[in-house]
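*Asks:* Residue numbers (numbering that gives the first Met the number 0), protein chains in the order written: chain A, 0 to 308; chain B, 0 to 308.
We put the CB at the ideal spot given by N, CA and C, even for glycine.
Number of protein chains: 2
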Amino acid sequence: MRRRPKTIESVGEFGLIDQIKKWIPPMHRSVVCGIGDDAAVFPMAGGGYQLLTIDTVVEDVDFKMNRATPQQIGWKALGVGLSDLAAMGGIPKMAVISLTLPRRTPLRFVRDFYEGIRKLARRFRVSIVGGDLSRGPKISSSIAVLGEATRTSTVFRSGAKIGDLICVTGRLGGSILGKHLNFLPRLREGQFLARRGVSAMIDLSDGLGQDLNHLISNSRTAFMIDEAKVPISEAARKLARGNLRRELIHAFCDGEDFELLFTIPRSKLGTLQRAWPKRFSIPLTVIGQVMRLAKGMRPTYRYQGYRHF
Amino acid sequence: MRRRPKTIESVGEFGLIDQIKKWIPPMHRSVVCGIGDDAAVFPMAGGGYQLLTIDTVVEDVDFKMNRATPQQIGWKALGVGLSDLAAMGGIPKMAVISLTLPRRTPLRFVRDFYEGIRKLARRFRVSIVGGDLSRGPKISSSIAVLGEATRTSTVFRSGAKIGDLICVTGRLGGSILGKHLNFLPRLREGQFLARRGVSAMIDLSDGLGQDLNHLISNSRTAFMIDEAKVPISEAARKLARGNLRRELIHAFCDGEDFELLFTIPRSKLGTLQRAWPKRFSIPLTVIGQVMRLAKGMRPTYRYQGYRHF
C-alpha cells in the first residue's frame, strides 16, 4: 500500500510555519525578527526600526460576498496588516495592494473596495503607494504594510517574564456578527502600550486561546487565566444566549477580535491603569499571569482557536 | 431595460489602474513615485531611496500545476517582484511572502515552493523575513519586495527624451516554452544600466508592444521601432516555424520575457556598448528611437500584449 503524502491540513498552520522557518533561513544578520512574529523587524538607516508585514484575505474564507460590502472587504484587507503593526507598537507608513479578481467583477466592486481601503488608510495616515492586479477564480487581496517604530518601543511576542500580568484590550468573541469586518486596528493603543513598558504583545486574530499559546510559548513560559475576568463582547453574549460557558468559548475561540493581548511587569501596571482611561474608551483588563513552565509541562492551552487549514 | 454594470474586463487592466490612481491619492508628500511605475519609491532616512513592490502569481493564470514544478512556481513568484526592482535600478533587500493554498495541498509542494524561493533569494541576497498563510480554492502567492537605490541611480518609466535610443536586453518571445518559469531577473543589468545614465526603464512583463506603450506614454513621446533589429529568442523562432512575421508577433506580444526595455541619450550609448560585453553575456540591442509626439497623435502601438482581464 502506498503512503499518502502529508498534506498541509495534517500538519496545520503552525506546524507549517515551523517547517517554513527551517526551509528559509534569514540572510541578513541585521534582521531583528523574521518569520514567527506579527511583523518582520529590521534596523532603519537613520536609527529606529522598520516593520514589514503581509496579509491576505480570500473570498469565502475571510469574507463572503453576500455578507460583506466591498468597502468592508477593503477595510478588512488593510486592517489585518495594520493590526499586526499595532501588536509591535509600530506606526504604519506605506502599503502596497495586490488584488486578484475574476474577469466579471463589476467595476464598482473595485471602486468600493478601494474606498474602504482609502478610509482606513486616511485615518491612520498610510500611503497606498502601489499594487498589482491579477485575474483569479475568486476575489482575494494581499496587502503589505511597511511601518516604523523606535528601537526602545518595539514590542515582540517573546518578551513575557515569569510574574508578568496578562492583559487584553476591548471585549472578546462573536466577531462574526460584524466586528471581523469593521474593527478598528488598535494602532494608537499599541503605540501607547509600547511606550509604557509592556513586555510582549500580539494581536488577537486566531482567538484568545490560540494566541495566548503563541505569545507564551514564544517566551517559554506558562500562564494562568482567570476565566471570570475575560471581557466578553456583546456579540458573544448574544450568540451564547445566556449560557456562560458558551460565552467563554466564543471569547476564547472565535478569533478576529483584532484586540491586543499583552504582558506587563506588575510594577508598571498601576501607571498604565491610571493613564489608560484618559486616552481610550475601550476597557483594559488584567486576565491572568505568566507562570514558570514546570518541567515536562507543555506551554499550551486546551482551547482551540481558528484553524486555517 | 436595465443597464449591466461595467466589469473590469470591459475597462481592462490599465483602464482599471488609471481609475485606481484617482481613487487612491497618495498621502505622504515624500513619496517620489507611487502607483503606475514598476515599484513605489520614497526617501530613506539616511539618504537614498527605498523601493517597494508587490506581485501575485495565480494557479491556472500564471502557472499550471501540470506544467510547472513547485520550485519553478516559487522562483517565479519571487522573480516577478525582483524584475520590477531591476527595472528601477534597485537592489532587493527583504521580502514577505503570502501563500494561499487549498487544504489538500501536499506538504512537499510547500517545501519545494519555498526551495525555489530560497534559491533565487540566495542568489540575490534577499532575506525572506515573514509571510502569511491562507486557505483558498487555488494556489496563489503574493510577494512584496523591499529594496534600495541611490537617488541618482533610480530610473523611472517617465524619463524618456526625444532623440533617446530605445534598447532591450536579451532576446524576446516564446517565454511560454520555459523562460516564464526560470527567468533570471535582470537585477545586475538594471543596476549597471542605472549607473550609466539610462533615461527610462521598464521590465518586459506584458510584451514589448504593450510595455513600449507604458514606457513611452508615461514620457508623453512617441517612438519608432526598427522591427528588423528586435532580437528574437530561440523559443520564438521555434514557435514561429520559420515564419518571420510570426516570430515578430511572438517577440512583441507574448510577454513575460522579464528583460529590460530602456531609453538612453545617444551620447551615452557608445560607452555603454563598450562596457556591456565585459560584464554580461546577454545581448544589448538598439531597436528604435524616441520621437516627438505629433499633435493629435496617440502614443500607442498597434501590437497587443498580454491581457490580464
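Between which two residues does the alpha helix (DSSP H) carrying A:I16 extend?
*Replies:* Start and end: I7 to W22.
*Asks:* Does the beta carbon of B:R103 come closer than 7 Å to any beta carbon on chain A?
*Replies:* Chain A contact via Cβ: present.
*Asks:* Return the residue from the list A:A38, A:C252 and A:I263 that minimises the CA-CA distance to A:V285.
*Replies:* Comparing Cα-Cα distances from A:V285 to each of A:A38, A:C252 and A:I263, the minimum goes to A:I263.
*Asks:* Can you tell which of A:L171, A:A38, A:L192 and A:E258 has the C-alpha that lies nearest to the C-alpha of A:A227?
*Replies:* The shortest C-alpha separation from A:A227 is found at A:L171.
*Asks:* Run the CB neighbour count on A:Q272, radius 10 Å, all protein chains shown included, and call it buried at 16 or more, exposed below.
*Replies:* Exposed.
*Asks:* Return the first residue and the last residue of the alpha helix (DSSP H) that A:G80 is part of.
*Replies:* Element bounds for A:G80: P69 to A85.
*Asks:* Just checking, does the region 91-110 of chain B make contact with the region 199-210 of chain B on the three C-beta pairs under 8 Å criterion?
*Replies:* Counting Cβ pairs under 8 Å, fewer than three are found: no touch.
*Asks:* Using CA atoms only, rank isn't needed, just tell me which of A:D111, A:F155 and A:L98 is closest to A:D202.
*Replies:* Closest option to A:D202, Cα to Cα, is A:F155.
*Asks:* Whole-angstrom Cβ separation of B:M43 and B:E114, contact assumed at under 8 Å?
*Replies:* Actually they do not touch by this definition, with Cβ atoms about 32 Å apart.
*Asks:* Can you round the beta-carbon distance between B:A94 and B:V57 to whole angstroms, since I take them to be within the 8 Å contact cut?
*Replies:* Not really, about 18 Å apart at Cβ, beyond 8 Å.
*Asks:* What three-state label does DSSP hand B:L132 in the structure shown?
*Replies:* Strand at B:L132.
*Asks:* Please report the straight-line C-alpha distance between A:G11 and A:L81, rounded to a whole angstrom.
*Replies:* Rounded to whole angstroms, A:G11 to A:L81 spans 25 Å at the Cα level.
*Asks:* When the cut-off is 7 Å and only beta carbons count, does B:T68 lie next to chain A?
*Replies:* So no, B:T68 is outside the interface.
*Asks:* Is there at least one Cβ from chain A nearer than 7 Å to B:L106's Cβ?
*Replies:* So, interface residue.
*Asks:* Are the CB atoms of A:D159 and A:S198 nearer to each other than 7 Å?
*Replies:* For clarity, residue 159 of chain A is Ala in the given sequence; the question names Asp instead. Yes, they are a contact pair.
*Asks:* Tell me the DSSP secondary structure of A:G208 in three-state form.
*Replies:* Reduced to three states, the DSSP call for A:G208 is helix.
*Asks:* Pull up the DSSP beta-bridge partners for A:S126, would you.
*Replies:* Per DSSP, A:M93.
*Asks:* Select from B:F191, B:T168, B:D17 and B:N181 the residue whose C-alpha is nearest the C-alpha of B:P282.
*Replies:* Among B:F191, B:T168, B:D17 and B:N181, the Cα nearest to that of B:P282 is on B:T168.
*Asks:* Which residues in chain A have a C-beta closer than 7 Å to the C-beta of B:A44? List them in chain order.
*Replies:* Neighbours of B:A44 on chain A, chain order: M43, A44 and G45.
*Asks:* Using a beta-carbon distance below 7 Å, is B:W22 in contact with chain A?
*Replies:* Cβ-Cβ to chain A under 7 Å: yes for B:W22.
*Asks:* Relative to the alpha-carbon of A:R185, which residue among A:R278, A:T68, A:F62 and A:N65 has its alpha-carbon at the smallest distance?
*Replies:* When each option's Cα is compared against that of A:R185, the closest is A:R278.
*Asks:* Are the CB atoms of B:A120 and B:I53 within a distance shorter than 7 Å?
*Replies:* Their beta carbons are not under 7 Å apart, which means B:I53 does not touch B:A120 by this criterion.
*Asks:* Ignore the nearest five residues each way along the sequence and tell me which others in A:F191's own chain have a CB closer than 7 Å to its CB.
*Replies:* Answer for A:F191: R278, listed in chain order.
*Asks:* Measuring CB to CB, does A:D312 end up less than 7 Å from B:T6?
*Replies:* Chain A is shown only over 0 to 308; residue 312 of chain A falls outside these bounds and no answer can be derived.
*Asks:* Using 7 Å as the limit for Cβ to Cβ distance, is A:F13 near chain B?
*Replies:* No, because no Cβ of chain B sits closer than 7 Å to the Cβ of A:F13.
*Asks:* Anything in the region 122-137 of chain A with a Cβ closer than 8 Å to a Cβ of chain B? List those residues in chain order, please.
*Replies:* Residues R124, V125, S126, I127, V128, G129, G130, D131, L132, S133, R134, G135, P136 and K137.
*Asks:* Between A:A293 and A:E8, what straight-line distance do the alpha-carbon atoms span, to the nearest angstrom?
*Replies:* When rounded, the distance between both Cα atoms is 31 Å.
*Asks:* Cβ closer than 9 Å: which chain B residues qualify as neighbours of A:Y113?
*Replies:* Within chain B, the residues near A:Y113 are Q18, I19, W22 and I23.
*Asks:* Which word fits A:R122, buried or exposed, when buried means at least 16 other C-beta atoms lie within 10 angstroms of its C-beta?
*Replies:* Answer is exposed; the Cβ neighbour count stays below 16.
*Asks:* Using 7 Å as the limit for Cβ to Cβ distance, is A:V144 near chain B?
*Replies:* No, A:V144 lies away from the interface with chain B (no Cβ there is under 7 Å from its Cβ).
*Asks:* From the DSSP output, in three-state form, read off A:L292 for me.
*Replies:* A:L292 falls in the coil class under three-state DSSP.
*Asks:* Helix, strand or coil for A:G189 per DSSP?
*Replies:* The answer is helix: DSSP assigns A:G189 an H, G or I state.
*Asks:* Closer than 7 Å, CB to CB, is B:P264 near chain E or not?
*Replies:* Protein chains A and B are contained in the structure displayed, whereas chain E is not.
*Asks:* Kindly indicate the opening and closing residues of the beta strand (DSSP E) around A:C166.
*Replies:* L164 to T168 is the span of the beta strand (DSSP E), which, as asked, contains A:C166.
*Asks:* Let's test the definition: count the other Cβ atoms within 10 Å of the Cβ of B:K118 and tell me whether it reaches 16, buried, or not, exposed.
*Replies:* Exposed, by the Cβ-count rule.
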